Amino acid sequence: NAGVTQTPKFRVLKTGQSMTLLCAQDMNHEYMYWYRQDPGMGLRLIHYSVGEGTTAKGEVPDGYNVSRLKKQNFLLGLESAAPSQTSVYFCASSRQGTSSYNEQFFGPGTRLTVL
Amino acid sequence: RKEVEQDPGPFNVPEGATVAFNCTYSNSASQSFFWYRQDCRKEPKLLMSVYSSGNEDGRFTAQLNRASQYISLLIRDSKLSDSATYLCVVANAGNNRKLIWGLGTSLAVNP
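Have a look at this one:
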């Protein structure tokens with residue numbers, strides 16, 4: 049099993065360009081998440097999904113859109129990139145279950161620089 | 063005040079030392095607590111959950127103090143491979159799929 053994979057691993061954009069980050073998981077997890085991690089800010093939730101076809105806003109959703117057309121994929125889009133979106137982006141997934149918490153499994157991250 | 067606060071360190075300790083990290087949280091209704099480990103330029107990985115009665119996993123011991131709203135992580139007999147950033151994570155009531163992350167405590171174990 050590959051677990052959670054992310055593409056691309058690195059990307060440099062110019063201000064105003066658009067791009068899509070792809071996350072894929074092969075663990076049949078219901079829940080998927082997009083985070084960004086910045087120095088001094090910690091991990092912050094951008095958007096998340098509790099199942100195929102559903103998405104919800106996290107803590108810092110502005111400037112991003114997401115889609116979950118297939119259970120195994122969660123896409124993060126930047127329509128018009130800004131330098132403030134320079135960050136490391138992590139995708140994660142977790143099971144659905146009756147317990148109050150299920151471990152989140154992370155992808156290796158995408159390092160994005162916006163010039 | 064941040065919802066989850068940790069001493070950023072760095073903690074520099076020799077191999078074999080015992081080191082402890084604390085983390086405080088602000089929401090008294092928080093229900094679930096965890097320690098994640100993040101190696102340099104890598105993704106976070108779950109180290110251990112923290113239970114009310116305290117729990118141990120090999121050289122690692124986690125404790126929860128609800129009255130004082132803090133959790134702790136004790137590492138005994140430190141190894142070079144323990145060098146990493148340790149992230150304190152809290153899940154609040156009714157929102158258990160969303161986690162509140164601390165900024166992390168950096169540990170460097172030296173030969």
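Top line first, the protein sequences correspond to chains A and B.
Numbering-wise, my numbering comes out as the position in the first sequence, counting from 1, plus 48.
Numbering-wise, my numbering comes out as the position in the second sequence, counting from 1, plus 62.
Each residue gets a CB set at the ideal place from its N, CA and C atoms; glycine is no exception.
Being a predicted model, the structure only gives us computed values, none of them experimental.
Residue i burial status per 10 Å Cβ neighbour count (16 or more: buried)
i, result
"B/Asp144", "buried"
"B/Leu142", "exposed"
"A/Phe154", "buried"
"A/Arg84", "buried"
Nearest residue (CA-CA) to residue i, options the options
i, options, result
"A/Gln144", "A/Met89, A/Met80, A/Asn121, A/Gly106", "A/Met80"
"A/Leu117", "A/Val60, A/Phe58, A/Ser132, A/Ser97", "A/Ser97"
"A/Met89", "B/Gly164, B/Val152, B/Leu169", "B/Gly164"
Residue i: first and last residue of the uninterrupted beta strand (DSSP E) it sits in
i, result
"A/Leu126", "121-126"
"B/Gln125", "122-127"
"A/Tyr96", "90-99"
"A/Ser115", "112-115"
"B/Met110", "106-112"
"A/Thr134", "Here A/Thr134 belongs to no beta strand (DSSP E), and DSSP marks it neither H nor E."
"A/Arg84", "79-86"
"A/Asn49", "Element bounds for A/Asn49: n/a, residue is neither H nor E."
"B/Pro76", "73-76"
Cα-Cα separation, residue i to residue j
i, j, result
"B/Asn84", "A/Gly64", "42 Å"
"A/Thr164", "A/Asn113", "Given that chain A is displayed from residue 49 to residue 163, the structure contains no residue 164 of chain A and the question cannot be resolved."
"B/Val171", "B/Leu126", "25 Å"
"B/Glu65", "B/Ala91", "12 Å"
"B/Pro173", "A/Met75", "38 Å"
"A/Thr103", "B/Ser130", "36 Å"
"A/Gly111", "A/Pro131", "11 Å"
Residue i beta carbon near the ligand MG (any heavy atom closer than 7 Å)
i, result
"B/Thr123", "As far as ligands go, the structure on display features none, and thus does not contain the ligand MG."
Identity of the residues DSSP links to residue i by a beta bridge
i, result
"B/Leu161", "B/Ala153"
"B/Cys102", "The partner list for B/Cys102 (beta bridge, DSSP) is empty, contrary to what the question assumes."
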